[in-house]
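Okay, structure first, notes after.
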Amino acid sequence: MIKNIVNTVGSKLGTSLISFVLLLIYSNYLGAAGLGTIGLIVLSITIVLLLSNLVNTSIIYFASRHSTGNLFWVSYIWSLVSVGIAIIANQIVPIFPEEYTNDIYILSFMQSGIAIHLNVLLGKEKIKHYNIYSFLQSLLTLAFVCSFFFIQKNQDVETFINALYIAYGIVLILSSFNTIPYIENVKPKDFKVVFTDAIKYGFYVQTANIFQLLNYRISYFILDLYSGRASLGIYTAGVQISEALLIPGKSISTVQYARISARKNEGYAQRISILFMKFSMLLTGFGTLILLLLPSSFLVWILGESFAQVKLTIMAMSLGIVALSAEIILSHYFSGTGRQQKNSTSSLMGLILTLISAYLLIPKYGAIGAALSSSIAFSGMLFYLVFQMLKHPGVKFSLFLPQKNDLKLVRRILRLYLPK
1 MIKNIVNTVG SKLGTSLISF VLLLIYSNYL GAAGLGTIGL IVLSITIVLL
51 LSNLVNTSII YFASRHSTGN LFWVSYIWSL VSVGIAIIAN QIVPIFPEEY
101 TNDIYILSFM QSGIAIHLNV LLGKEKIKHY NIYSFLQSLL TLAFVCSFFF
151 IQKNQDVETF INALYIAYGI VLILSSFNTI PYIENVKPKD FKVVFTDAIK
201 YGFYVQTANI FQLLNYRISY FILDLYSGRA SLGIYTAGVQ ISEALLIPGK
251 SISTVQYARI SARKNEGYAQ RISILFMKFS MLLTGFGTLI LLLLPSSFLV
301 WILGESFAQV KLTIMAMSLG IVALSAEIIL SHYFSGTGRQ QKNSTSSLMG
351 LILTLISAYL LIPKYGAIGA ALSSSIAFSG MLFYLVFQML KHPGVKFSLF
401 LPQKNDLKLV RRILRLYLPK
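Read in order, the letters of the sequence shown correspond to residues 1 to 420 in the numbering used here.
Here is the structure:
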């Protein structure tokens with residue numbers, strides 16, 4: 001398991017570095033307004049994926065409980081239905097960028113297919129292939145963006161969209177070859193049972209994810225409304241840079257969730273989740289400190305003159321990022337042990353805090369106000385999940401504090417992966 005975590009960290013670190021390079025390209029060649037538009041497109045795709053993931057995320061949990069073949073086809077059918085629902089919903093309440101709606105629908109379905117393939121691999125604990133395709137998608141996006149920007153000299157938002165089409169298409173096809181061997185025992189007569197179980201499980205997971213997404217991104221719409229697209233671009237840059245610090249937590253939680261879902265051992269799940277939470281906070285806190293020590297002039301130099309406020313935005317967001325690094329681990333514990341409603345409640349609480357603080361802070365402070373609202377929300381979510389953990393027998397507050405046994409994990413990683 002330790003090897004899988006370290007490999008996942010490596011994959012996500014590579015993906016994060018690529019995202020940072022893309023951020024530099026977009027910020028310097030498209031400016032704050034162009035980056036804001038890209039942020040809205042990515043957010044729109046994510047919103048459609050939330051609907052399709054009502055079923056798709058259940059693949060990991062049910063991989064050891066249902067036929068993977070049935071889960072696969074039910075997920076694909078639901079993904080197609082989800083795009084149809086999104087089209088109808090956007091006609092009633094238009095929220096997607098009007099000039100890119102068709103691209104958003106197509107890219108959403110393609111990304112949903114990739115997610116299905118990766119969830120099958122993750123459900124079978126094929127972490128290596130999961131990491132390879134996750135990284136490859138980012139690498140291909142970067143390769144084609146660079147080709148379009150610097151070779152063909154097409155430097156606009158359309159170039160970003162075209163790069164996504166190609167990258168998504170290649171990964172969708174390649175990942176299918178590793179997924180096909182697990183698509184067996186397909187029994188259409190069981191589709192109804194599989195769909196019912198998946199939607200019940202996925203409802204709580206996605207309710208939490210929907211609230212979580214709104215916590216992360218509702219500020220985009222509020223900021224765009226009150227402060228404009230350029231201010232949104234500054235906030236987007238701050239978010240992308242800060243969220244790179246979540247690599248340890250996201251990497252650990254990926255392996256953690258797959259493992260505790262498969263083993264179904266409550267005591268084991270509690271022990272590794274609390275241990276991983278502290279480890280995640282330590283690494284993220286250290287990374288946050290380094291980021292805060294960078295001078296504002298350096299960030300302006302690499303991003304462009306229109307991003308002068310990005311350092312203050314990152315500072316306002318720093319406490320929330322550290323809190324979120326711990327919340328990610330605890331939320332995956334509750335998901336992996338079938339207590340998704342806890343995450344839903346936590347995310348709803350965070351959403352309420354976001355809405356209140358965003359409407360109070362964004363009109364006056366712009367991007368910095370959005371960052372402060374995220375810190376308030378993420379901290380509240382963490383406190384709630386810690387409180388819920390403390391209700392479990394044998395879980396004491398002292399376990400959340402540093403312990404001597406915690407060092408064993410660090411020593412084990414060092415012995416395995418540092419040169420002797």
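Even for Gly, the Cβ is constructed at its ideal location relative to N, Cα and C. Everything numeric in this text was worked out from a predicted model, so none of it was measured.
Exclusion of the five residues before and after V310 leaves I234, A237, G238, L299, L303 as the residues of its chain whose Cβ lies within less than 7 Å of its Cβ. Two segments are said to touch when three or more pairs of C-beta atoms, one from each, lie closer than 8 Å; by this definition the stretch 84–93 does not touch the stretch 27–34. In the three-state scheme derived from DSSP, where H, G and I count as helix and E and B as strand, K126 is classed as coil. In the three-state reduction of the DSSP assignment, F286 falls in the helix class, which pools H, G and I.
DSSP places R339 in no alpha helix (DSSP H); its state is neither H nor E. At a cut-off of 4 residues, the continuous stretches assigned as alpha helix (DSSP H) that sit fully inside the stretch 91–146 are 101–123, 127–146. Nearest Cα to T15 within the set F135, P363, G320: F135.
Around the beta-carbon of E327, 16 or more other beta-carbon atoms lie within 10 Å, marking it buried.
Put simply, the stretch 284–292 touches the stretch 312–327. At least three CB pairs are less than 8 Å apart. The count of Cβ pairs closer than 8 Å, one atom from the stretch 386–393 and one from the stretch 353–368, stays below three, leaving the stretches out of contact. Under the criterion of beta carbons closer than 8 Å, S242 and A370 do not qualify as touching, at roughly 12 Å. F195 is not a Cβ neighbour of S344, given a cutoff of 8 Å. Collapsing the DSSP output to three states places K396 in coil. In chain order, Q309, L312, T313, A316 place their CB closer than 7 Å to the CB of I368, counting only its own chain and leaving out the 5 sequence neighbours on each side. The beta carbons of S231 and Q256 sit no closer together than 8 Å. With a 10 Å radius around the Cβ and a threshold of 16 neighbouring Cβ atoms, Y168 comes out buried.
In the DSSP annotation of this structure, Q152 is not part of any alpha helix (DSSP H), being labelled neither H nor E. In the DSSP assignment, I180 falls outside any alpha helix (DSSP H), carrying neither H nor E.
By the neighbour-count definition (other C-beta atoms within 10 Å, threshold 16), P248 is a buried residue. The beta carbon of T37 lies closer than 6 Å to those of V157 in the same chain, with the five residues before and after it left out. In chain order, R217, Y220 place their CB closer than 7 Å to the CB of L43, counting only its own chain and leaving out the 5 sequence neighbours on each side. About 7 Å separates the beta carbon of V48 from that of S82, a gap short enough to meet the 8 Å contact definition. Per the coordinates, the alpha-carbon of F191 lies some 23 Å from the alpha-carbon of Q340.
DSSP places E243 inside the alpha helix (DSSP H), whose first and last residues are 229–243.
In the structure shown, G304 adopts coil according to DSSP, grouped into three states.
Per DSSP, Q403 lies in no alpha helix (DSSP H) and is assigned neither H nor E. Non-local C-beta neighbours of S296 in its own chain, meaning closer than 6 Å and more than five positions away in sequence, comprise K311, ordered along the chain. Of V193, K153, A377, the smallest CA-CA separation from M349 is found for A377. In this structure, S79 sits near S52, with a CB-CB distance shorter than 8 Å.
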